[in-house]
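Residue numbers (the working numbering), protein chains in the order written: chain A, 592 to 812; chain B, 9 to 271.
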């Protein structure tokens, strides 16, 4: 038995959940699983039929590796594996809000490009011919007159917000929008651009909370 | 030790050479010792605008390559004793001098002159880098046109990269067109470019006439552009001069014409 526990077995209403550590060596994981089932957890294995859900965490497992895990569990007669799943896309949608927010101050002038992995807050203007490219959201505390590309790596839930939204072009994920051919903003209020059914939409910043998973909710009086 | 000011714009034809010639002359007019340097090698113009074309013996490239001493290449102005010009070569091109050579020449000139005005070629390539190399500060010229403002923005960005603060001059303004909304207005341009405004120059036919006769506009105080250039020169010297009122002035002018019975 190794000194660190790589496998946690939890009892839930539907049966058992096997939480497998996603950082350790795969062979060590198999060994521990075998040990737990055969030696240390005899009591769970003697009862009636139990449904089992296996959670792999962020580990990327091949089909053979999954099969190896299933084999060990199936060897115990009363365990029935219902599902085996990994947390897919964990890398693609981390830090929705404050994570990796970069703060910049200055004017992005014609011919200048800023590239950032994450979300970007620019205090200053983006002039025509200037470019902002970001894997996450773009917030401009100033006038956006140049080009902005949010969710560059494919995040369609990325947004572009600016105090003054007068871009030469907007891009979110794969969608390219060309104002004023496609939309005209006459409002001087702060606005943001987002994707709705693969179409670029513009709305007032006060409507942003509708697109966010966890807006602030005030409770009580 | 004097100060070197580069006059640049990115876009061509917005009035770099005209501005250089007029600012140089206006500064000389206030009694300063001024040298103008034309770095537009291959397409030199400053000598023509100043009316000094026929006095050129050596040029910038000759100095850079050591064919003559710096003082031999300087051309003295016909109007002022303390105004000189270093002409560009017409038979070479921008790649025949390096930014280091220009920097050394400008440094040498700064020892003897209060102001060194560097006339920059259009574009952002070698010629631009040459012109900017020795400068202490920069004047960016633009006109109230989108294309010129875009290029000015690009150039300001490049100047910032070389740690030069740029001040803006908006040239060829037509108050009537701004009023009717056909031309970008001054506030709009300043908002986009986000640099200090050094001056505005109204569009004036006398400037074209003056350039063709080789007599800088500033010499003619009846021209509104001349007053604008003199104001800019005073701001360079550190005076607080209010911006020229575009409408009011024409109002006075109209009233004067009405007084004479022709308006």
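Backbone N, C-alpha and C define an ideal beta-carbon position, used for all residues, glycine too.
Label residue 237 (chain B) either buried or exposed according to how many other C-beta atoms from any shown protein chain fall within 10 Å of its C-beta, with 16 as the threshold for buried. Counting from one through the second chain, the residue named residue 237 (chain B) turns up at place 229. Its Cβ being crowded by 16 or more others within 10 Å, residue 237 (chain B) is buried.
Identity of the residue in B:154, B:96, B:71 and B:146 nearest residue 116 (chain B) by Cα: Numbered from its first residue, the second chain carries residue 116 (chain B) at position 108. Answer by Cα proximity: B:71.
Under 7 Å by beta carbon: chain A residues contacting residue 165 (chain B): The residue you call residue 165 (chain B) lines up with position 157 of the second chain. Result: 700, 701, 702 and 703.
Where does residue 28 (chain B) land, buried or exposed, given buried means 16+ other C-beta within 10 angstroms? Within the second chain, numbered from 1, the residue matching residue 28 (chain B) stands at position 20. Result: buried.
C-beta contact flag for residue 174 (chain B) and residue 203 (chain B) at 8 Å: For the purposes of this step, residue 174 (chain B) is taken as the residue at position 166 of the second chain. For the purposes of this step, residue 203 (chain B) is taken as the residue at position 195 of the second chain. The answer is yes: Cβ separation under 8 Å.
Considering only C-alpha positions, which residue in the set B:93, B:231 and B:199 is nearest to residue 41 (chain B)? Against the second chain, residue 41 (chain B) aligns to sequence position 33. The shortest C-alpha separation from residue 41 (chain B) is found at B:93.
What three-state label does DSSP hand residue 637 (chain A) in the structure shown? On the first chain, residue 637 (chain A) is found 46 positions in, with the first residue counted as 1. Residue state, collapsed to three classes: coil.
Near residue 681 (chain A), which residues of its chain fall below 7 Å by C-beta distance, leaving aside the five closest residues on each side in sequence? For the purposes of this step, residue 681 (chain A) is taken as residue 90 along the first chain, with counting starting at 1. Low confidence applies here, because residue 681 (chain A) scores a pLDDT of 48, under 50, leaving its location unreliable; read the following figure in that light. If we look at residue 681 (chain A) and ignore the five residues flanking it on each side, its Cβ neighbours are 649.
Just the chain A side, please: which residues come within less than 8 Å of residue 162 (chain B) by C-beta, in chain order? Sequence index remark: in the second chain, residue 162 (chain B) carries index 154 (1-based). Chain A residues near residue 162 (chain B): 700, 701, 702 and 720.
DSSP three-state assignment for residue 184 (chain B), whether helix, strand or coil: For the purposes of this step, residue 184 (chain B) is taken as the residue at position 176 of the second chain. It is helical.
Quick check on residue 736 (chain A) - is its C-beta less than 8 Å from some C-beta in chain B? Counted from its first residue, the first chain places residue 736 (chain A) at position 145. By this cut-off, residue 736 (chain A) is an interface position.
List the endpoints of the continuous alpha helix (DSSP H) containing residue 116 (chain B). What you label residue 116 (chain B) is simply residue 108 of the second chain in a count that begins at 1. Note, residue 116 (chain B): alpha helix (DSSP H), 107–120.
Sequence-distant residues of its chain with Cβ nearer than 7 Å to residue 701 (chain A) (five each side left out): The count along the first chain starts at 1 and reaches residue 701 (chain A) at position 110. The residues are 718, 719, 720 and 721.
Would you call residue 707 (chain A) buried or exposed, if buried means 16 or more other Cβ atoms sit within 10 Å of its Cβ? The residue labelled residue 707 (chain A) in the question sits at position 116 within the first chain. Buried, by the Cβ-count rule.
Determine the DSSP secondary structure at residue 194 (chain B), reduced to helix, strand or coil. By 1-based counting over the second chain, the position of residue 194 (chain B) is 186. Residue 194 (chain B) falls in the helix class under three-state DSSP.
Of the residues that make up the segment 193–209 of chain B, which ones have a beta carbon closer than 7 Å to any beta carbon in chain A? 200 and 202
Sequence-distant residues of its chain with Cβ nearer than 6 Å to residue 644 (chain A) (five each side left out): Along the first chain, one-based indexing puts residue 644 (chain A) at 53. Closer than 6 Å at the Cβ level, and outside the excluded window around residue 644 (chain A), lie 608, 673 and 674.
Rounded C-alpha distance that separates residue 676 (chain A) from residue 601 (chain A): Taking the first chain and counting its residues from 1, the one referred to as residue 676 (chain A) is at position 85. Taking the first chain and counting its residues from 1, the one referred to as residue 601 (chain A) is at position 10. Taking the straight line joining both Cα atoms gives about 16 Å.
Report buried or exposed for residue 249 (chain B), applying the criterion of at least 16 other Cβ atoms within 10 angstroms of its Cβ. Taking the first residue of the second chain as 1, we reach residue 249 (chain B) at position 241. By the neighbour-count rule (16 or more Cβ atoms within 10 Å), residue 249 (chain B) is not buried but exposed.
What residues of chain A sit near residue 158 (chain B), judged by a beta carbon separation below 7 Å? As a position in the second chain, residue 158 (chain B) is number 150, starting the count at 1. Ordered by position in chain A, the residues that pass the 7 Å Cβ test against residue 158 (chain B) are 701, 719 and 720.
Helix, strand or coil, according to DSSP, for residue 79 (chain B) in the structure here? In the second chain, counting from the first residue as 1, residue 79 (chain B) sits at position 71. Helix at residue 79 (chain B).
Going by beta carbon distance, what residues of the same chain come within less than 8 Å of residue 9 (chain B), once the five residues before and after it are set aside? Locating residue 9 (chain B) in the second chain gives position 1, counting from the first residue. Closer than 8 Å at Cβ, skipping near neighbours: 118 and 119.
Closest Cβ-Cβ distance between residue 794 (chain A) and chain B: below 8 Å? Here residue 794 (chain A) refers to the residue found at position 203 of the first chain. Not one chain B Cβ lies under 8 Å of residue 794 (chain A).
Under 7 Å from the C-beta of residue 716 (chain A): neighbouring residues of chain B: Indexing the first chain from 1 puts residue 716 (chain A) at position 125. What residue 716 (chain A) touches in chain B: 202.
Nearest-angstrom Cα separation, counted from residue 746 (chain A) out to residue 234 (chain B): Position 226 of the second chain, counted from the first residue, corresponds to residue 234 (chain B). Position 155 of the first chain, counted from the first residue, corresponds to residue 746 (chain A). Roughly 57 Å separates the two Cα atoms.
Considering Cα atoms alone, identify which of B:167, B:220, B:148 and B:190 is closest to residue 205 (chain B). Walking along the second chain from the start, residue 205 (chain B) turns up at place 197. Per the Cα distances, B:148.
Can you check whether the C-beta of residue 209 (chain B) is within less than 8 Å of a C-beta belonging to chain D? Among the chains of the structure shown, chain D does not appear; the protein chains present are A and B.
Who are residue 725 (chain A)'s beta bridge partners in DSSP? Residue 725 (chain A) sits at position 134 when you count from the first residue of the first chain. Residue 725 (chain A) pairs with A:707.
Counting Cβ pairs closer than 8 Å, one from the segment 793–808 of chain A and one from the segment 31–50 of chain B, do we hit at least three? no
Determine the contact status of residue 231 (chain B) and residue 150 (chain B), defining contact as a CB-CB distance below 8 Å. On the second chain, residue 231 (chain B) is found 223 positions in, with the first residue counted as 1. On the second chain, residue 150 (chain B) is found 142 positions in, with the first residue counted as 1. Cβ distance not < 8 Å, so residue 231 (chain B) and residue 150 (chain B) don't count as in contact.
Beta-carbon contacts of residue 154 (chain B) that lie in its chain and below 8 Å, excluding the five residues immediately before and after: Working through the second chain from its first residue, we reach residue 154 (chain B) at position 146. Closer than 8 Å at Cβ, skipping near neighbours: 192.
Exposed or buried, what is residue 723 (chain A) when buried is set at 16 or more other beta-carbons lying within 10 Å of its beta-carbon? Position 132 of the first chain, counted from the first residue, corresponds to residue 723 (chain A). By the neighbour-count rule (16 or more Cβ atoms within 10 Å), residue 723 (chain A) is buried.
Helix, strand or coil for residue 609 (chain A)? Go by DSSP, reduced to three states. Stepping through the first chain from its first residue, residue 609 (chain A) is reached at position 18. Note: residue 609 (chain A) maps to strand in three-state DSSP.
Closest to residue 783 (chain A) by CA distance: which of A:696, A:792 and A:670 is it? Translated into the one-based positions of the first chain, residue 783 (chain A) becomes position 192. When each option's Cα is compared against that of residue 783 (chain A), the closest is A:792.
Would you kindly work out how many angstroms separate the C-alpha atoms of residue 64 (chain B) and residue 73 (chain B), rounded to a whole number? Translated into the one-based positions of the second chain, residue 64 (chain B) becomes position 56. Translated into the one-based positions of the second chain, residue 73 (chain B) becomes position 65. Rounded to whole angstroms, residue 64 (chain B) to residue 73 (chain B) spans 17 Å at the Cα level.
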